[in-house]
Amino acid sequence: MQQTRSAEECEPQQAERRANVVSWSEDEAPADSDEDLEELTSYEENLASPFNEPNITLVFGKRKLYLQKEHIIDVSPVFEAMFSSKFLEGSMKEIPLPDKKLSHFVHFLRYLSPGFEDELTEDTVHHMLPLAEEYQTDDFKKRIEKFLIKGVLSKTDSITSVQIIIKILEAEKYKLNGYLNACIDVASRKKNHRLTKNPKFEEISQNTQLKIGFKRMDAIDKIYNNAIQRQNEYFNSDLVTHLKPYMQDN
33 MQQTRSAEEC
43 EPQQAERRAN
53 VVSWSEDEAP
63 ADSDEDLEEL
73 TSYEENLASP
83 FNEPNITLVF
93 GKRKLYLQKE
103 HIIDVSPVFE
113 AMFSSKFLEG
123 SMKEIPLPDK
133 KLSHFVHFLR
143 YLSPGFEDEL
153 TEDTVHHMLP
163 LAEEYQTDDF
173 KKRIEKFLIK
183 GVLSKTDSIT
193 SVQIIIKILE
203 AEKYKLNGYL
213 NACIDVASRK
223 KNHRLTKNPK
233 FEEISQNTQL
243 KIGFKRMDAI
253 DKIYNNAIQR
263 QNEYFNSDLV
273 THLKPYMQDN
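In this text, residue positions in the sequence shown follow the numbering used here: the first is 33, and each later residue adds one.
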């Protein structure tokens, strides 16, 4: 598969590829080469060939990333629309992305491209979420949400009030309901003043604030009801023990 490359790496790598290209005459060609290619889609043919040259450049300030347009069109409907004839970018060879960071974008493309097995990490996931949202990579966004939910569930007691507020705002911004519900559960266990004294708590929607409050009250009600039930069971058991000697029926 064609891997993403920095501007400095591109030229020598291209030269090496051209030097390594093997050409066959019709008589020398492997017998199954045509048959193999017929079984591949056009996109798979591009991936299968290590000799394809980049045909689009993404510009990040002074740095450039050389790619095959077909690859990024395949992973994002936004890229597909961008490179159509309806948009100016469709005829451009260099696309400036001034508000993007090169390292984040490289990670983003690696997560989306076949042949890579990069795992999401706490260091990368929060940079990937805005890109997944902007470029409408829905499957990747679902994968991100699963990772975020797992992170909350595995660290429930160690997440601070400040951290959970930030996570709730992230979940609301990107409309990740499963992630939001997991965060609400954690927030409902925090003392009220630990949440409300933080100025960012006011940025949380009123609906989510209410859910946190109601979930906390439900939990307290359950604890109270269980305590009353245990107290009644103990009292009744103790009463029977003391009355039994005075309840002889013979």
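All residues carry an ideal CB built from backbone N, CA and C; glycine is no exception.
Check                                                                                                               : Outcome
Candidates Tyr-167, Glu-151, Glu-85, Lys-118, of which the one nearest Pro-109 by Cα                                : Tyr-167
Sheet register partners of Phe-92 (DSSP bridge)                                                                     : Arg-95
Segment contact, 8 Å Cβ cut-off, at least three pairs: the stretch 248-258 with the stretch 208-224                 : yes
Top-ranked residue by Cα proximity to Tyr-143, from Ile-244, Asp-171, Tyr-256                                       : Asp-171
Beta-carbon spacing of Ile-244, Ile-216 below 9 Å                                                                   : yes
Spatial distance of Arg-95 from Leu-134 (CA atoms)                                                                  : 8 Å
Inter-residue Cα distance where the pair is Gly-210 and Gln-100                                                     : 35 Å
CB of Leu-212 within 9 Å of CB of Thr-240, strictly                                                                 : yes
Met-160 to Ala-214 span [Cα, whole Å]                                                                               : 20 Å
Rounded Cβ spacing between Ser-237 and Glu-202 (contact assumed at less than 8 Å)                                   : Not confirmed; about 13 Å, so no contact.
Close-in-space but distant-in-sequence residues of the same chain around Phe-111 (CB under 6 Å, 5 per side omitted) : Ile-104, Ile-105
CA-to-CA distance, Lys-254 to Ile-260, given in whole angstroms                                                     : 10 Å
Cβ-based burial, Lys-229 [other Cβ within 10 Å; buried from 16]                                                     : exposed
Proximity below 9 Å, CB of Leu-129 to CB of Val-91                                                                  : yes
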